[in-house]
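Worksheet: the structure to be examined is printed underneath.
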Amino acid sequence: MKRFFLLILLLLNSCAKQNSDLIKPQEKNFKSLKQLTFGGDNAEAYWSFDDKKIVFQSNNSKWGLECDQMFYGNFDQSYDDEIPKMVSTGKGRTTCSYFLPNNNIIYASTHEAQEKCPETPLRVDGNYVWPIYESYEIYEADFNGNILRKLTDSPGYDAEATVSPKGDKIVFTSDRSGDLEIYTMNIDGSNVKQITFDLGYDGGAFFSPDGTKIVFRASRPDGEEEKNKYKELLSQGLVQPTNMELFICDSDGSNLK
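Residue numbering for the sequence shown follows the working numbering, starting at 396 and increasing by one per position.
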(Lines of atoms letter the chains of each structure in order from A and count residues from 1; the text may use other names and numbers.)
(Lines give C-alpha, C1' and ligand atoms only; values in the text may rest on other atoms or scores of the structure.)
Protein backbone atom coordinates (compact mmCIF):
# COMPACT_ATOMS: atom_id res chain seq x y z
CA MET A 1 0.00 0.00 0.00
CA LYS A 2 2.93 2.35 0.60
CA ARG A 3 3.77 2.30 -3.10
CA PHE A 4 0.26 3.29 -4.13
CA PHE A 5 -0.02 5.97 -1.43
CA LEU A 6 3.20 7.54 -2.71
CA LEU A 7 1.93 7.49 -6.27
CA ILE A 8 -1.20 9.37 -5.23
CA LEU A 9 0.86 11.85 -3.25
CA LEU A 10 3.10 12.70 -6.20
CA LEU A 11 0.12 13.25 -8.46
CA LEU A 12 -0.75 16.24 -6.28
CA ASN A 13 2.34 18.03 -7.62
CA SER A 14 0.49 20.75 -9.54
CA CYS A 15 -0.68 22.43 -6.32
CA ALA A 16 1.25 25.41 -5.04
CA LYS A 17 3.31 24.95 -1.92
CA GLN A 18 1.12 25.32 1.12
CA ASN A 19 2.08 27.25 4.23
CA SER A 20 -0.63 25.55 6.25
CA ASP A 21 -0.73 21.93 7.33
CA LEU A 22 -1.64 19.63 4.42
CA ILE A 23 -3.72 17.47 6.71
CA LYS A 24 -7.25 18.71 7.28
CA PRO A 25 -8.57 18.67 10.87
CA GLN A 26 -11.14 15.99 10.04
CA GLU A 27 -8.49 13.60 8.64
CA LYS A 28 -8.34 10.41 10.73
CA ASN A 29 -6.06 8.15 8.67
CA PHE A 30 -2.85 10.02 7.80
CA LYS A 31 -0.30 10.34 10.57
CA SER A 32 1.81 12.68 8.43
CA LEU A 33 1.54 14.09 4.93
CA LYS A 34 4.31 15.78 2.99
CA GLN A 35 4.30 17.16 -0.54
CA LEU A 36 7.47 16.09 -2.37
CA THR A 37 7.28 17.77 -5.79
CA PHE A 38 6.19 21.20 -6.95
CA GLY A 39 5.49 21.89 -10.63
CA GLY A 40 5.30 19.85 -13.80
CA ASP A 41 3.80 16.39 -14.04
CA ASN A 42 5.29 13.97 -11.52
CA ALA A 43 4.08 10.38 -11.35
CA GLU A 44 4.79 6.65 -11.14
CA ALA A 45 6.76 6.84 -7.90
CA TYR A 46 7.96 3.57 -6.39
CA TRP A 47 9.94 2.46 -3.35
CA SER A 48 13.33 0.78 -3.31
CA PHE A 49 13.49 -2.72 -1.84
CA ASP A 50 15.05 -1.32 1.35
CA ASP A 51 12.30 1.36 1.63
CA LYS A 52 14.87 4.18 1.79
CA LYS A 53 14.64 5.63 -1.73
CA ILE A 54 12.00 6.50 -4.30
CA VAL A 55 12.20 6.71 -8.07
CA PHE A 56 9.74 8.72 -10.16
CA GLN A 57 9.28 10.45 -13.49
CA SER A 58 8.92 14.17 -14.05
CA ASN A 59 8.72 16.73 -16.86
CA ASN A 60 9.20 19.75 -14.58
CA SER A 61 10.28 22.60 -16.86
CA LYS A 62 12.04 24.29 -13.92
CA TRP A 63 14.50 21.39 -14.08
CA GLY A 64 15.16 22.03 -17.77
CA LEU A 65 12.95 19.19 -18.99
CA GLU A 66 10.87 19.00 -22.15
CA CYS A 67 9.47 15.53 -21.48
CA ASP A 68 9.58 12.83 -18.81
CA GLN A 69 12.92 11.78 -17.29
CA MET A 70 13.66 9.58 -14.29
CA PHE A 71 14.76 10.83 -10.87
CA TYR A 72 15.48 9.30 -7.50
CA GLY A 73 15.96 10.54 -3.98
CA ASN A 74 15.30 9.96 -0.31
CA PHE A 75 11.64 9.37 0.49
CA ASP A 76 11.52 12.16 3.09
CA GLN A 77 13.04 14.89 0.92
CA SER A 78 11.04 17.61 -0.87
CA TYR A 79 12.08 18.95 -4.26
CA ASP A 80 10.94 22.55 -4.35
CA ASP A 81 14.22 24.43 -4.38
CA GLU A 82 16.42 21.41 -5.06
CA ILE A 83 16.58 19.22 -8.17
CA PRO A 84 16.67 15.48 -7.47
CA LYS A 85 19.25 13.19 -9.02
CA MET A 86 18.44 12.24 -12.63
CA VAL A 87 19.05 8.57 -13.35
CA SER A 88 17.95 8.51 -17.00
CA THR A 89 20.06 9.85 -19.87
CA GLY A 90 18.21 13.15 -20.28
CA LYS A 91 17.52 12.18 -23.90
CA GLY A 92 14.32 10.96 -25.52
CA ARG A 93 11.25 10.19 -23.42
CA THR A 94 11.17 7.79 -20.49
CA THR A 95 8.47 5.98 -18.55
CA CYS A 96 7.80 3.29 -15.96
CA SER A 97 10.82 3.17 -13.65
CA TYR A 98 11.17 0.57 -10.90
CA PHE A 99 13.81 -0.59 -8.43
CA LEU A 100 15.71 -3.86 -8.64
CA PRO A 101 16.73 -5.67 -5.42
CA ASN A 102 20.30 -4.33 -5.75
CA ASN A 103 18.86 -0.77 -5.87
CA ASN A 104 19.65 -0.35 -9.54
CA ILE A 105 16.74 0.99 -11.57
CA ILE A 106 14.91 -0.21 -14.66
CA TYR A 107 12.98 2.09 -16.96
CA ALA A 108 11.79 2.38 -20.56
CA SER A 109 13.29 4.98 -22.88
CA THR A 110 13.25 6.14 -26.51
CA HIS A 111 16.75 7.69 -26.34
CA GLU A 112 18.45 5.20 -28.67
CA ALA A 113 16.03 6.03 -31.48
CA GLN A 114 16.14 9.81 -31.05
CA GLU A 115 17.53 12.28 -28.56
CA LYS A 116 14.59 14.67 -28.87
CA CYS A 117 11.25 14.13 -27.17
CA PRO A 118 8.80 12.27 -29.44
CA GLU A 119 5.48 13.94 -30.08
CA THR A 120 2.61 13.17 -27.74
CA PRO A 121 -0.83 13.09 -29.36
CA LEU A 122 -3.46 13.62 -26.69
CA ARG A 123 -6.64 13.41 -28.76
CA VAL A 124 -7.85 11.48 -31.78
CA ASP A 125 -11.33 12.43 -32.99
CA GLY A 126 -11.85 14.10 -29.62
CA ASN A 127 -10.87 10.98 -27.67
CA TYR A 128 -7.97 10.79 -25.21
CA VAL A 129 -5.26 8.36 -26.34
CA TRP A 130 -1.97 6.97 -25.06
CA PRO A 131 1.04 6.90 -27.40
CA ILE A 132 2.68 3.48 -27.75
CA TYR A 133 6.18 4.42 -28.88
CA GLU A 134 7.79 1.60 -30.86
CA SER A 135 11.21 2.94 -29.82
CA TYR A 136 10.67 2.17 -26.12
CA GLU A 137 13.15 -0.38 -24.77
CA ILE A 138 13.78 -1.35 -21.16
CA TYR A 139 17.15 -0.57 -19.55
CA GLU A 140 18.91 -1.13 -16.25
CA ALA A 141 20.82 1.84 -14.80
CA ASP A 142 22.69 2.65 -11.61
CA PHE A 143 22.19 5.68 -9.34
CA ASN A 144 24.66 7.69 -11.43
CA GLY A 145 22.61 7.22 -14.58
CA ASN A 146 25.00 4.76 -16.19
CA ILE A 147 23.14 2.25 -18.34
CA LEU A 148 24.37 -1.15 -17.25
CA ARG A 149 22.25 -3.35 -19.45
CA LYS A 150 19.63 -3.26 -22.19
CA LEU A 151 17.01 -5.73 -21.03
CA THR A 152 14.84 -5.77 -24.17
CA ASP A 153 15.88 -5.47 -27.80
CA SER A 154 12.94 -6.17 -30.07
CA PRO A 155 11.00 -4.17 -32.66
CA GLY A 156 8.07 -2.34 -31.09
CA TYR A 157 6.94 -1.17 -27.69
CA ASP A 158 8.58 -2.57 -24.54
CA ALA A 159 7.65 -0.74 -21.32
CA GLU A 160 5.56 -0.81 -18.11
CA ALA A 161 8.05 -3.04 -16.31
CA THR A 162 7.77 -3.88 -12.61
CA VAL A 163 9.75 -6.31 -10.46
CA SER A 164 8.59 -9.25 -8.36
CA PRO A 165 9.02 -8.74 -4.59
CA LYS A 166 11.01 -11.99 -4.72
CA GLY A 167 13.52 -10.13 -6.90
CA ASP A 168 13.74 -12.83 -9.55
CA LYS A 169 11.33 -11.75 -12.30
CA ILE A 170 10.25 -8.70 -14.29
CA VAL A 171 6.79 -8.33 -15.82
CA PHE A 172 6.25 -5.89 -18.70
CA THR A 173 4.09 -5.01 -21.70
CA SER A 174 5.20 -5.52 -25.31
CA ASP A 175 3.61 -5.47 -28.75
CA ARG A 176 6.24 -7.75 -30.30
CA SER A 177 3.50 -10.27 -31.10
CA GLY A 178 1.44 -7.66 -32.96
CA ASP A 179 -0.77 -6.93 -29.96
CA LEU A 180 -0.10 -5.42 -26.52
CA GLU A 181 0.44 -8.41 -24.25
CA ILE A 182 1.99 -9.16 -20.86
CA TYR A 183 5.42 -10.83 -20.72
CA THR A 184 7.75 -11.96 -17.97
CA MET A 185 11.53 -12.30 -18.02
CA ASN A 186 14.34 -13.02 -15.62
CA ILE A 187 15.95 -10.11 -13.81
CA ASP A 188 18.77 -10.10 -16.39
CA GLY A 189 16.42 -10.00 -19.40
CA SER A 190 16.65 -13.69 -20.23
CA ASN A 191 13.88 -16.29 -20.50
CA VAL A 192 11.21 -14.00 -21.98
CA LYS A 193 7.72 -15.55 -21.88
CA GLN A 194 4.40 -14.25 -23.18
CA ILE A 195 1.64 -14.89 -20.64
CA THR A 196 -1.45 -13.16 -22.14
CA PHE A 197 -2.89 -13.77 -25.59
CA ASP A 198 -6.31 -12.08 -25.94
CA LEU A 199 -6.91 -9.15 -28.28
CA GLY A 200 -6.73 -5.79 -26.50
CA TYR A 201 -4.32 -3.73 -24.47
CA ASP A 202 -2.79 -5.57 -21.49
CA GLY A 203 -0.60 -3.45 -19.22
CA GLY A 204 0.17 -1.94 -15.83
CA ALA A 205 1.08 -5.34 -14.39
CA PHE A 206 2.25 -5.92 -10.80
CA PHE A 207 3.27 -9.04 -8.91
CA SER A 208 1.54 -10.08 -5.71
CA PRO A 209 3.64 -9.78 -2.50
CA ASP A 210 4.65 -13.45 -2.71
CA GLY A 211 5.43 -13.24 -6.44
CA THR A 212 2.99 -16.00 -7.41
CA LYS A 213 0.24 -13.84 -8.95
CA ILE A 214 0.07 -10.96 -11.41
CA VAL A 215 -2.65 -8.30 -11.57
CA PHE A 216 -3.03 -6.09 -14.65
CA ARG A 217 -5.44 -3.83 -16.50
CA ALA A 218 -6.81 -4.75 -19.91
CA SER A 219 -9.22 -3.71 -22.61
CA ARG A 220 -11.22 -6.38 -24.39
CA PRO A 221 -12.81 -4.89 -27.52
CA ASP A 222 -16.13 -6.56 -28.24
CA GLY A 223 -17.63 -6.86 -31.72
CA GLU A 224 -16.06 -6.16 -35.10
CA GLU A 225 -16.41 -2.38 -34.87
CA GLU A 226 -14.58 -2.14 -31.54
CA LYS A 227 -11.94 -4.63 -32.63
CA ASN A 228 -11.27 -2.79 -35.88
CA LYS A 229 -11.05 0.54 -34.06
CA TYR A 230 -8.56 -0.92 -31.57
CA LYS A 231 -6.43 -2.41 -34.35
CA GLU A 232 -6.48 0.82 -36.36
CA LEU A 233 -5.33 2.90 -33.39
CA LEU A 234 -2.64 0.36 -32.52
CA SER A 235 -1.34 0.51 -36.11
CA GLN A 236 -0.82 4.24 -35.48
CA GLY A 237 0.99 3.57 -32.21
CA LEU A 238 -1.99 4.59 -30.08
CA VAL A 239 -4.30 3.11 -27.47
CA GLN A 240 -7.55 4.58 -26.17
CA PRO A 241 -7.49 3.91 -22.40
CA THR A 242 -11.19 3.37 -21.88
CA ASN A 243 -13.25 0.38 -20.81
CA MET A 244 -10.34 -1.07 -18.87
CA GLU A 245 -10.96 -3.96 -16.49
CA LEU A 246 -8.73 -5.66 -13.91
CA PHE A 247 -7.53 -9.22 -14.36
CA ILE A 248 -5.46 -11.58 -12.23
CA CYS A 249 -3.49 -14.70 -13.15
CA ASP A 250 -0.69 -16.91 -11.90
CA SER A 251 2.81 -15.66 -12.70
CA ASP A 252 2.97 -18.04 -15.67
CA GLY A 253 -0.33 -16.73 -17.11
CA SER A 254 -2.47 -19.65 -15.98
CA ASN A 255 -5.72 -19.35 -14.02
CA LEU A 256 -6.60 -16.06 -15.70
CA LYS A 257 -9.74 -14.40 -14.40
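Built from N, CA and C at the ideal position, the CB exists for glycine as well.
Using alpha carbons as the reference points, say which of Lys-511, Phe-494, Ala-556, Pro-560 lies closest to Glu-461. Lys-511
Integer Cβ distance of Gly-584 from Arg-544, believed to fall under 8 angstroms: 7 angstroms
If you reduce the DSSP assignment to three classes, tell me which class Asn-434 lands in. In the sequence as presented, Asn is not what sits at residue 434; that position holds Gly. Correct three-state label for Gly-434: coil.
What residue does the beta strand (DSSP E) around Lys-353 start on, and which one ends it? Here the chain has residues from 396 to 652 only, and residue 353 is not among them.
Using 8 angstroms for Cβ pairs, my map puts Phe-494 next to Val-566. What's the rounded Cβ distance? Phe-494 to Val-566, Cβ: 14 angstroms. No contact.
Which residues mark the beginning and the end of the beta strand (DSSP E) in which Ser-473 is found? Run containing Ser-473: none; DSSP gives neither H nor E here.
Does the distance from the C-beta atom of Leu-654 to that of Pro-513 stay below 8 angstroms? Nothing in the structure corresponds to residue 654, since the chain is present only between 396 and 652.
Which one or two residues does DSSP pair with Cys-644 in a beta bridge? Ile-609
Alpha-carbon to alpha-carbon, Ser-473 and Lys-429: 8 angstroms
Assigned secondary structure, Ser-456 (DSSP; H/G/I helix, E/B strand, else coil): helix
Considering Leu-543, what are the terminal residues of the beta strand (DSSP E) in which it resides? 542-545
Shorter than 7 angstroms, the distance from the beta carbon of Asn-541 to the closest heavy atom of the ligand COA, or not? This structure does not include the ligand COA; it has no bound ligands of any sort.
Secondary structure of Phe-444, DSSP reduced to three states: coil
Of the choices Asp-647, Asp-570, Ile-609, whose alpha-carbon is the least far from that of Gln-631? Asp-570
Those residues which DSSP pairs with Ser-559 across a bridge: Looking at the DSSP assignment, Ser-559 forms no beta bridge with any residue, so it has no partner.
Just to confirm, is the Cβ distance from Ile-501 to Ala-556 under 8 angstroms? yes
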